[in-house]
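Heads up, the thing below is written out as structure tokens.
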Amino acid sequence: MPEDSGLLCPLRYTLGMVGGKWKLPILCLLADGEAVRYSAIKRKVPGITNMMLSQSLKELEEGGLVHRKQYNEIPPKVEYTLAQEGKSLLPVLAGFSQWGNAHMKKHNTGSSVCRQCKATE
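Throughout, our numbering is defined as the position within the sequence shown, counted from one, plus 4.
Shown next, in the form of structure tokens:
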């Protein structure tokens, strides 16, 4: 599909919202509904840099998938939760997880349990 056609593929749109190396792990981390502070996300998403975490959270917030709440205190306190739009993705993420689990079992590829992703429990 030509990019100048003015049309956007829904799959490409969705992947633009949640694609990349870090957005899905962040969404999965927030899936249990608990508010999570920046430092906890950083700790629980191995390998992510401060710049990539900040950028990913900003993009997820701009897309309406994540809610950011800032408390006016010193030191500053910021918590992140899934917004309603983000929660609406959980069944889709669960479907991806089920597919991945079946594929991993079929091909004897690693563990089928993710201790970080709460979207599929």
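Cβ coordinates follow ideal geometry from the N, Cα and C atoms, glycine included.
What does the alpha-carbon distance come out to for the pair residue i and residue j?
i, j, result
"L28", "I52", "12 Å"
"Y84", "W103", "28 Å"
"Y42", "L93", "21 Å"
"F100", "P80", "36 Å"
"P14", "G20", "10 Å"
"R16", "A44", "30 Å"
"T18", "K62", "16 Å"
"T124", "V22", "Summary for T124: the model assigns pLDDT 48, below 50, so the residue's position carries little reliability, and this model does not support an answer."
"N76", "V82", "9 Å"
Using 10 angstroms around the beta-carbon of residue i, count the other beta-carbons present and answer buried if the total reaches 16, otherwise exposed.
i, result
"M55", "exposed"
"G68", "exposed"
"P6", "Caution is warranted here: a pLDDT of 47 is assigned to P6, below 50, making its placement in the model unreliable, and no coordinate value can be reported."
"I78", "exposed"
"A35", "buried"
"L12", "exposed"
If you measure between the beta carbons of residue i and residue j, is that distance less than 7 Å?
i, j, result
"V70", "A87", "yes"
"K46", "L57", "yes"
"L33", "K48", "yes"
Exercise for the section: Ignoring anything shorter than 4 residues or poking outside the region 41-90, list the alpha helix (DSSP H) runs there in chain order. Expected result: 42-48 and 54-66
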